[in-house]
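There are 2 protein chains.
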Amino acid sequence: MTAKDARARALAALAGLLADETRAACLLALLDQRAWTAGELARHAGVAASTLSEHLDKLVAGGLLAEERQGRHRYVRLAGAEVAQLVEDLAARIAPEAVHRPRTLREAGAASAMARGRTCYDHLAGRLGIVVTDALAARGLLRQDTGFALTDAGLAWFDALGIGLDRRSRRPLARACLDWTERRPHLAGAAGAALCRHAFDAGWCVRIGSGRAVRVTAAGERALAELLGIEAAALR
Amino acid sequence: MTAKDARARALAALAGLLADETRAACLLALLDQRAWTAGELARHAGVAASTLSEHLDKLVAGGLLAEERQGRHRYVRLAGAEVAQLVEDLAARIAPEAVHRPRTLREAGAASAMARGRTCYDHLAGRLGIVVTDALAARGLLRQDTGFALTDAGLAWFDALGIGLDRRSRRPLARACLDWTERRPHLAGAAGAALCRHAFDAGWCVRIGSGRAVRVTAAGERALAELLGIEAAALR
DNA sequence: CCCGTGCTTCGGCCGTCGCCGAAGTGCGCC
DNA sequence: GGCGCACTTCGGCGACGGCCGAAGCACGGG
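Line by line, the protein sequences give chains A and B.
For the first sequence, my numbering assigns the number -18 to the initial residue and increments by one for each residue that follows.
For the second sequence, my numbering assigns the number -18 to the initial residue and increments by one for each residue that follows.
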């Protein structure tokens, strides 16, 4: 009945949405920014379709997922960058010991590809994300020592590249996102998303398969070297 | 058995710690940065001492709380600023509709005092936090438009005030913390904590009662006006 | 037009978890 | 040294929630 109770109730309800292993697996899978069908998620999580249907109901009702019905398919994706950030933040906080050790060659290959470069919802992450972020900071385009913000030179750099940044949006331009594999922050926020989009549009990198892993192309290596002084060796 | 499963398990376990109303109420209460006894929390949450004892076991085991035994008392507090940030982040995300409407005069008074000024674990929040943050930004001491970072002038300002900032710590110097009541970011991180500590040490503000609410003193109004050009009217 | 497929609804099962009160432990105080 | 208080442990209860399979829709393709 007190103010605290209402807040506690709401907090517990929100956390409760994430507090189930199956739902957590769905949210983590959806971090790839794609829309999955209910069936795909059910197979991914290893539960019956009926079970997953109910989980999706809860996540949608809780505002974490957006859904789109197409024919007999139910497509579902994260409701937005804020939700992705929430999941990322929480996931980044789990103890490193809980991290999985690959057991097969195939797994090890996939894991190292993910560690080299991947997307983190809408921005670049993994080694690639860190290297780009550090290069931006080294060139005075990003202030990372006293917080996390683009400098005026940074704004000009984006402008010169023809990457438009919507500065009126409520979303912060630059935000630090803690990397799982590197345990260091990389560029997220509107600028991180715009840069990532540009990297794909300009052919700097391409997705490996259908997942979140990303590979830097030869053209990408040239562009990153020229624009940010990044050596190709740092990306491997 | 896959990597996703291990991550999902850990994520669900972490969220599960917050997914109970009683535990959530404890964590929210502990945001006042004080150490509470088990009995106080039990009374606060409205459950039996035995029930709360088990909740504390889980929160401590999960690393969210630190405990200290003194005689027959069990003092417990948040394990650190990161945990406070986690709880704050999650709490800030709950829909405004869930917020409580005060029903009595006493409640309304307490709520408005909290809205005017309070601490958010270790930094200033509420109207006070926003006004200070905006004033820092207006004077070019804090860059808020392209992210969230202190400027060189900002570093000099802290230095001139004799507020030491540990720049070697892993904790970010400046970080945005979203305010519940104002729905806008205010200064958190090492600089926010140092500024808050200084504000209390210098007598700029004092706690109202035993809670998180804070009142600006006459000396505080003078200091804020002189150092940051903040008008006293903005604080009311 | 009918069949197959993808999803949903329903009933029922089972495990987990929060809760309590009673009994037990340990500490401090008189 | 014994009483009282703060906390813990234990047993048991009840509720909730996740899970499944079966049956029921709804859409698209043949």
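Virtual Cβ for every residue (Gly too), placed ideally from N, Cα, C.
Computed from a predicted structure; not experimentally measured.
Range covered by the beta strand (DSSP E) that runs through residue i
i	result
L176 of chain A	No beta strand (DSSP E) contains L176 of chain A, which is instead part of the alpha helix (DSSP H) from 170 to 182.
T100 of chain B	99 to 101
L105 of chain B	104 to 106
R148 of chain B	Looking at the DSSP string, R148 of chain B is not in any beta strand (DSSP E), and its letter there is neither H nor E.
L45 of chain B	Where L45 of chain B is concerned, there is no enclosing beta strand (DSSP E), given that its DSSP letter is neither H nor E.
L159 of chain B	156 to 159
R188 of chain A	186 to 188
Strand pairing of residue i, partner residues [DSSP]
i	result
F129 of chain A	B:F129
Q51 of chain B	B:H54
V68 of chain B	Answer is none; V68 of chain B lacks a bridge partner.
H167 of chain B	B:C158
L59 of chain A	A:L46
R124 of chain A	A:A130
A137 of chain B	Bridge partners of A137 of chain B: none, in fact.
V195 of chain A	A:R188
Residue i and residue j closer than 7 angstroms at C-beta
i	j	result
I189 of chain A	R196 of chain A	yes
L46 of chain A	V28 of chain A	no
L146 of chain A	A175 of chain A	yes
I111 of chain A	R165 of chain A	yes
L(-5) of chain A	I75 of chain B	yes
L9 of chain A	Y102 of chain A	no
L154 of chain B	T127 of chain A	yes
E35 of chain A	V41 of chain A	no
C186 of chain B	G201 of chain B	yes
A130 of chain B	A130 of chain A	yes
A26 of chain B	L37 of chain B	no
A23 of chain B	A30 of chain B	yes
G43 of chain B	H104 of chain B	no
G98 of chain B	L109 of chain B	yes
Cβ separation of residue i and residue j, assumed to be a contact under 8 angstroms, to the nearest whole Å
i	j	result
L208 of chain B	L(-8) of chain A	Between L(-8) of chain A and L208 of chain B the Cβ distance is about 36 angstroms, and since that is not below 8 angstroms, they are no contact.
G107 of chain B	L123 of chain B	Actually they are not in contact, since the Cβ atoms of G107 of chain B and L123 of chain B sit about 18 angstroms apart, beyond 8 angstroms.
L218 of chain B	L117 of chain B	This structure gives no information on residue 218 of chain B, because the portion of chain B shown stretches from -18 to 217.
A(-11) of chain B	A5 of chain A	4 angstroms
G184 of chain A	T198 of chain A	6 angstroms
A194 of chain B	A94 of chain B	4 angstroms
D1 of chain B	D70 of chain A	Actually they are not in contact, since the Cβ atoms of D1 of chain B and D70 of chain A sit about 20 angstroms apart, beyond 8 angstroms.
A62 of chain A	R152 of chain A	7 angstroms
T114 of chain B	G121 of chain B	Not a contact, Cβ separation roughly 13 angstroms.
Limits of the alpha helix (DSSP H) - the one that residue i falls within
i	result
T3 of chain A	2 to 10
A19 of chain A	19 to 26
R203 of chain A	199 to 209
Q: Residues of the segment -8 to 18 of chain A with a CB closer than 9 angstroms to any CB of chain B: list them in chain order, please.
A: L(-8), A(-7), A(-6), L(-5), A(-4), G(-3), L(-2), L(-1), A0, D1, E2, T3, R4, A5, A6, C7, L8, L9, A10
Q: Taking only beta carbons into account, state which residues of the segment 122 to 142 of chain A come closer than 9 angstroms to chain B, listed in chain order.
A: L123, R124, Q125, D126, T127, G128, F129, A130, L131, T132, D133, G135, L136
(Q) Please identify, using Cβ separations under 8 angstroms, the residues of the segment 84 to 102 of chain B that lie next to chain A, in order along the chain. (A) E88, A92
Q.
Residues of the segment 51 to 62 of chain B in Cβ contact with chain A at a cutoff of 7 angstroms, in chain order, please.
A. none
(Q) Residues of the segment 186 to 209 of chain A in Cβ contact with chain B at a cutoff of 8 angstroms, in chain order, please. (A) none
Q) Which residues, in order along the segment 63 to 75 of chain B, keep a beta-carbon less than 7 angstroms from a beta-carbon of chain A? A) L67, D70, L71, A72, R74, I75
(Q) What are the residues in the segment 25 to 53 of chain B lying within 9 angstroms of chain A by C-beta distance? (A) H25, A26, G27, G44
Q: Residues of the segment 141 to 164 of chain A with a CB closer than 8 angstroms to any CB of chain B: list them in chain order, please.
A: R148, P153, L154, A155, R156, A157
Q. Taking a cut of 8 angstroms between CB atoms, which residues from the segment 102 to 121 of chain B lie near chain A?
A. Of all residues in the segment 102 to 121 of chain B, none has a Cβ within less than 8 angstroms of some Cβ in chain A.
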